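In full-length UniProt numbering, the protein residues as written are 1 to 299.
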């Protein structure tokens with residue numbers, strides 16, 4: 001029987017970690033510079049109203065371009081709303097600037113489209129003392145599924161960490177690159193109030209080109225994103241054998257010839273909306289692609 005090694009993280013006692021990822025801010029972590037909430041006078045213009053987030057329809061996701069446009073509009077509104085709220089510790093916003101979102105389609109099925117997106121924004125908040133008061137939001141490497149009546153949004157800052165496959169010393173961890181993969185579940189609607197329940201069972205076996213087993217694990221997609229770090233530190237050719245709920249199977253040839261290539265950090269197993277399996281390297285470009293480091297770094 002395979003081991004299920006999911007480690008408890010730092011937020012709420014559930015199996016997840018949050019924080020800065022790679023060279024970019026976490027997809028959902030704000031940068032704060034104030035803690036008080038003064039009430040602005042009447043002559044100061046403030047932004048206090050959020051707008052409803054768009055919902056998909058058959059017309060709004062009729063093709064790849066429509067799906068991309070939908071996700072970009074969604075992310076811009078999402079970031080704007082977050083800046084209006086001020087993350088619970090800022091005063092009223094007096095200026096909000098949200099840059100144009102970018103989204104790329106990375107996979108297509110007969111049910112819809114899978115995308116990665118990035119969007120950044122910043123805001124200034126009222127301070128009666130006139131000092132600088134601001135916050136920024138960097139929503140990067142956000143994964144989406146968009147169908148005719150379904151939208152799944154999976155941020156890259158709320159995930160389960162599986163126990164590393166290769167143990168490293170502190171010195172080695174900073175100098176020796178290791179490969180990782182992710183498991184995304186677009187099929188199960190997440191229940192963040194009960195993050196250790198539900199989801200699919202995904203079994204993954206990684207073998208090298210000589211047939212030796214490098215990793216053999218079972219994962220439960222109770223959160224929609226699981227990270228498996230330090231699979232191997234040895235360049236070469238590997239095979240992933242994946243099964244879903246002990247039934248549907250997938251084999252994927254994983255080339256790890258160059259540690260500087262996205263295959264070392266962006267390989268992702270997707271449980272699609274509809275319960276199928278596929279594997280993709282989620283790095284169409286540097287703007288929206290998965291970060292190359294910083295994932296599960298505290299384990």
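Backbone N, C-alpha and C fix where the C-beta goes; we use that ideal spot for every residue, glycine too.
Here the structure is a predicted model, which means the values were calculated and not measured.
Here residue 208 is near residue 236, since their CB atoms are less than 8 Å apart. Cβ-Cβ separation between residue 119 and residue 139: approximately 5 Å, consistent with a contact (criterion under 8 Å).
Taking every protein chain shown into account, the CB of residue 270 has 16 or more other CB atoms within 10 angstroms, so this residue is buried.
Its Cα nearest to that of residue 108, the residue 274 stands out among 225, 274 and 252. Within the model, the alpha-carbon separation for residue 288 versus residue 268 is close to 14 Å. DSSP, reduced to helix, strand and coil, places residue 179 outside both helices and strands of the structure shown, so it counts as coil. When C-alpha distances from residue 233 are compared across 115, 260, 245 and 178, the shortest belongs to 178. Taking the CA atoms as reference points, residue 290 sits about 13 Å from residue 184. For the 8 Å CB-CB criterion, residue 247 and residue 239 do not form a contact. Taking residue 111 as the centre and dropping the five residues before and after it, the same chain places the C-beta of 147, 273 and 274 closer than 6 Å to its C-beta, in chain order.
Boundaries around residue 107 are those of the beta strand (DSSP E), 102-109, since no alpha helix (DSSP H) includes it.
With contacts defined by Cβ atoms closer than 8 Å, residue 163 and residue 231 do not form a contacting pair. In this chain, the alpha helix (DSSP H) harbouring residue 70 covers 64-85. According to the DSSP assignment, residue 254 belongs to the beta strand (DSSP E) that extends over 248-256.
Nearest neighbour of residue 263 by Cα position, chosen from 155, 46, 245 and 285, turns out to be 285.
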